[in-house]
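The structure under discussion appears below in the form of structure tokens.
Protein chains in written order, with the numbering used here: chain A, 5 to 274; chain B, 5 to 274; chain C, 5 to 274; chain D, 5 to 274.
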């Protein structure tokens, strides 16, 4: 087998998803990614590291070496290696393996753990190739359309949170936990997003009144991103339906999973 | 009365809902199920078991024996007993009575309590047969259509929660309650779903900033399942309306409760 | 002035809203209701009752006597007194004044305070008559249409909460605050509605995992009532628009506040 | 250069956004506003004021003087100064600078901090002029349409919160933290908006039952503002699309970003 044939064969298996070998590779990759994320989690649980540290580290090294081999193969068989290396997933792939090697030199750095867990993002590439492409696209397109409306919304929330935060800092003051304006803004965001930890709560009647107003406001504000997104998505769904055109009678508005034209009965996708 | 006639009579009462006897049986069954769930709840309240244990257990036994008789009758009168036994509700029916008998042999097993409470699921069969069929169908169909979109959404939430969790584990660390990555992921899910128990809260300014970002992100993410479901449901409702076709003039788009065609005035359902 | 003329005059002022006198009466009534609710609130604040008890009680008595006079006048001038007395607002009117008189005989009964605060409901009658009629009707009609879908939803939430509650009672147990199944159900409802007090929280890893699952489930379930209501309301709004028909060219689809037909320019409501 | 020419030049730079100088001025203003809000926040953090008080105050004074110069220039170059001074943003501009001068006379007044932070609102003017005009308008118009529906909603929430509050005050009483009716109303709003601080929680079984009912009710009520806003926004979006009419064939329903008519292919905006 020539070098080019080998490259093509690898490319079909690693980047492709249509062949049985390509599918098996994708499933193996998903299992490896999940296993590796579970390993990273286990590494942070002191009960587990006390007894099983050596097993966890061994598994982490096996997986890292596998990912390294995969990374090298991807570069080798890619028709445009430079393009792959500088792409989003190329960088994620590198980030997935590098910190484990760095941890040999600089042991015990928590910071590397967070970088290593970024390898979980790789799962999107595998799944995206398989079948969620259309669905994710509809979601992303709806969000892109709503981008500017959502920016206006976030800016308003931020300005509102700042003014409410300053107000509560003045009314409640440091003695009731509102120790500074940034802390008060943190409290306001905790409140208007309806999270409500309860680590800081208003104690004075006036503070409780302002807090209740902020909640009811947050309650209504919650409707804004939901409304924006729903309206855009409904628009997107109806547009998707209009894109399916009958090749015989040109009727539109067929359901996403329709096989035959609802008007003339001819097959929609030959 | 012959055996076959008896079987048919029982079938009409137990499985049917149209006859007065069938309706009375359904109502009696609903009462028995609710009573039995209340009994199970009472069994877990120590104040009640201290004084009324014997009454609670007696009621539980009476109801279990009634359910056993019902189960045997269902097998007896079903036209296809094997099909009934292996069906979803057949298994639930068996699960509803078995643990009470097992508790005779292995007393005091909490685990059985949870299995026994699964009998609450039986209430759906009774209600489903009576009248909520159409409504539940619309809901289930909308959810089935949104299945893949919701899968994409859940996977994204999981990956996001893992990365945010690892980040908070690094920033806040075990000394502020973020004792491990799994615990941090638990905290992230508590936060982005806006539950916000407050059992673990960020203490450092950087941690509070990341937490506030996670909340605002969760706030926007909340819009996604709502938007998906609403758009699908609106589509489903408009489709339902289109399904009602006038037998005279073939006009569509009648309201769900319309009696006469709004175009030609002929009766819609003869 | 004859008795009948007097009755009619009172009726116009008390029940009517079109005359200046009727409007003034409505505004006075709104002020009296709000004042009286504030009085009831003040009565429960110990700081205020310590110093101003006599003023609070006096104001309460003045308002109760005014409401009593109003109630007697309403009976007197109503064309069908029996109908008024047995109507929803007739009962609320009676309930608004009775407990104050009863408190003379049986002093210090907290229970009466709650009944007296029901008088706040009277504000809906006044406002309803004035102008929010159409808006409230659209909301109520949308809710009535969604009634059966929402019943299915609530029943599912209840069954789910019971099963999750029993599961958590088994996993966490009384030593972690899940003292009985009813308490566990309370915790489950607090969790899946995303309220999250934090008075009871899971302590074991398995409990935290189940809790996180319940939250994500609650997150998706939150989409259901919103979706149902939005779809119904959107349907209702588009129907409202279709109800406005141009008397000249019969065009439909005019906006709610349109004055002239958008097709032929003739006035819509002559 | 004459006085009028100078006025016009200033007007173009300060109020206008089309020229490069106008854009640079807007960007400088945004930076100054954000810097000044950060300064105010820093002023409230005791760790920072202990060491850097003099720098923070100096920066605040520099920015205030810049804003003062800008305010005077705006009055000077405005074609109608009286109109500018009494406009919403004119008042915000004055409020942004006045408290800093007042703090010279009356030092250490927290109250002024809140007023000064109102200058954050100025950011809307700058951004509004630049490009978010259309988006914000759609949002504001949708909200204006939903105004009356939302009023009905808020009044209902308020009445409901009062009745639930009084009920919980009676059931739980001051010994469980429900110290007065206003406090109980605060608790009810914290609960039905799903914030759930957990600073006050029901302790009795009956109280927990009422609380769970209030949560499920709040859960459904949450659907109302979302539903109202979404339905209005979807209506608004579809109306926007209908507003784009092809000048050649008069077809409507083009997408917001469409360049050519989808029916006849002629350019939409010449």
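We put the CB at the ideal spot given by N, CA and C, even for glycine.
These figures come from a predicted structure and were not determined experimentally.
Determine, using beta-carbon pairs with one atom in the segment 197-215 of chain D and one in the segment 207-224 of chain C, whether at least three such pairs fall under 8 Å. Contact fails between the segment 197-215 of chain D and the segment 207-224 of chain C, because fewer than three Cβ pairs, one in each stretch, are under 8 Å apart.
What residues in its chain sit with their C-beta under 6 Å from that of residue 15 (chain B), if we drop five residues either side in the sequence? Here the set comprises 81.
Find out if the Cβ-Cβ distance for the pair residue 194 (chain D), residue 200 (chain A) is shorter than 8 Å. Contact flag set, yes.
Rounded to whole angstroms, what is the Cα-Cα separation between residue 159 (chain A) and residue 204 (chain D)? Approximately 32 Å between the Cα atoms of the pair.
Quick check: what's the CA-CA separation for residue 162 (chain C) versus residue 196 (chain C)? Straight through space, the alpha carbons of residue 196 (chain C) and residue 162 (chain C) are spaced by roughly 11 Å.
Taking residue 198 (chain D) as the query, report the chain B residues whose CB atoms sit under 8 Å from its CB, ordered along the chain. What residue 198 (chain D) touches in chain B: 198.
The segment 220-238 of chain B: which residues have C-beta closer than 8 Å to a C-beta of chain A, in chain order? Taking 8 Å as the Cβ-Cβ cut-off against chain A, the residues of the segment 220-238 of chain B that qualify are 220, 222, 223, 224, 226, 227, 228, 230, 231, 232, 234, 235, 236 and 238.
Please report the straight-line C-alpha distance between residue 176 (chain D) and residue 117 (chain C), rounded to a whole angstrom. Looking at the two C-alpha atoms, the distance is approximately 14 Å.
Suppose the cutoff is 6 Å on Cβ atoms and the five residues either side in sequence are ignored; what does the same chain contact list for residue 47 (chain A) look like? For residue 47 (chain A), the CB contacts under 6 Å within the same chain, skipping 5 residues up- and downstream, are 60 in chain order.
Taking the alpha-carbon positions, what's the residue 93 (chain A) to residue 23 (chain A) distance? Each residue's Cα considered, the two are about 22 Å apart.
Can you give me the C-alpha to C-alpha distance between residue 179 (chain D) and residue 76 (chain D), rounded to a whole angstrom? Cα to Cα, the separation comes out at about 59 Å.
Around the C-beta of residue 173 (chain A), are 16 or more other C-beta atoms found within 10 angstroms, so that it is buried, or is it exposed? With 16 or more neighbouring CB atoms inside 10 Å of its own CB, residue 173 (chain A) falls in the buried class.
Identify, in the order they occur along the chain, each residue of the same chain with its Cβ nearer than 7 Å to the Cβ of residue 103 (chain D), setting aside the five sequence neighbours on each side. Here residue 103 (chain D) has 116, 119 and 120 as same chain residues with Cβ atoms under 7 Å from its own Cβ, once five neighbours each way along the sequence are excluded.
For residue 27 (chain C), which residues from the same chain have a beta carbon less than 7 Å from its beta carbon, with the 5 sequence-adjacent residues on both sides left out? Counting only Cβ-Cβ distances below 7 Å, and skipping sequence neighbours, we find 21.
With a threshold of 8 Å on Cβ separation, who are the neighbours of residue 43 (chain C) within its own chain once the five nearest residues in sequence on each side are excluded? Once the five neighbours on either side are set aside, the close Cβ partners of residue 43 (chain C) are 60, 63, 64 and 67.
Given residue 69 (chain D) as reference, the closest of D:152, D:216 and D:37 once Cα atoms are compared: Looking at the Cα atoms, D:37 is the closest of the given residues.
C-beta contact flag for residue 192 (chain D) and residue 218 (chain D) at 8 Å: Contact: yes.
If you draw a straight line from the C-alpha of residue 39 (chain A) to the C-alpha of residue 52 (chain A), how long is it? So the two alpha carbons sit approximately 16 Å from each other.
Minimum C-alpha distance to residue 32 (chain C) - residue among C:157, C:126, C:45 and C:235: For residue 32 (chain C), the nearest C-alpha among the options comes from C:126.
Anyone know if the C-beta pair for residue 198 (chain B) and residue 198 (chain C) falls short of 8 Å? Their beta carbons are under 8 Å apart, which means residue 198 (chain B) touches residue 198 (chain C) by this criterion.
Would DSSP call residue 231 (chain A) helix, strand or coil? In this structure, residue 231 (chain A) counts as helix in the three-state DSSP scheme.
Counting only Cβ pairs nearer than 8 Å, list the residues of chain B close to residue 202 (chain D). What residue 202 (chain D) touches in chain B: 201 and 202.
Tell me the start and end of each unbroken alpha helix (DSSP H) in the segment 65-138 of chain A that is at least 4 residues and wholly inside, in chain order. Listed in chain order, they are 85-90, 92-109, 114-121 and 126-131.
Roughly how many angstroms separate the alpha carbons of residue 239 (chain B) and residue 84 (chain B), rounded to a whole number? When the Cα atoms are used, residue 239 (chain B) and residue 84 (chain B) turn out to be separated by approximately 38 Å.
Using a Cβ-Cβ distance under 8 Å, would residue 186 (chain B) count as near chain C? It does; some Cβ of chain C falls within 8 Å.
Could you tell me the distance, in whole angstroms, from the CA atom of residue 230 (chain C) to the CA atom of residue 224 (chain D)? When rounded, the distance between both Cα atoms is 7 Å.
Range of the contiguous alpha helix (DSSP H) that encloses residue 9 (chain B): Its alpha helix (DSSP H) spans residues 7-18.
May I ask you to report which of helix, strand or coil DSSP gives residue 156 (chain C)? Annotated three-state conformation of residue 156 (chain C) is helix, per DSSP.
Under the assumption that residue 45 (chain C) contacts residue 186 (chain D) (Cβ atoms under 8 Å), give the Cβ distance between them as a whole number of angstroms. About 5 Å separates the Cβ atoms of residue 45 (chain C) and residue 186 (chain D), confirming a contact at the 8 Å cut-off.
Checking 8 Å against the spacing of the C-beta atoms, do residue 18 (chain A) and residue 78 (chain A) come in under that value? Cβ distance < 8 Å, so residue 18 (chain A) and residue 78 (chain A) count as in contact.
Going by DSSP, what residue range makes up the alpha helix (DSSP H) through residue 33 (chain A)? 24-48 is the span of the alpha helix (DSSP H), which, as asked, contains residue 33 (chain A).
At what residues does the alpha helix (DSSP H) containing residue 294 (chain C) begin and finish? The question about residue 294 (chain C) has no answer, for chain C in this structure spans 5 to 274.
Taking residue 130 (chain A) and residue 30 (chain A) to be in contact with their CB atoms under 8 Å, please state how far apart those CB atoms are, rounded to whole angstroms. Sure, about 5 Å apart at Cβ, within 8 Å.
Got a sec? Which residues, its chain only, sit under 8 Å from residue 88 (chain C) by beta carbon, not counting five neighbours each side? Excluding residues within five positions, the ones whose Cβ falls inside 8 Å are 78, 79, 82 and 94.
Just the Cα atoms here: how many angstroms apart are residue 214 (chain D) and residue 74 (chain D)? Distance from the CA of residue 214 (chain D) to the CA of residue 74 (chain D), rounded to the nearest whole angstrom, comes to 57 Å.
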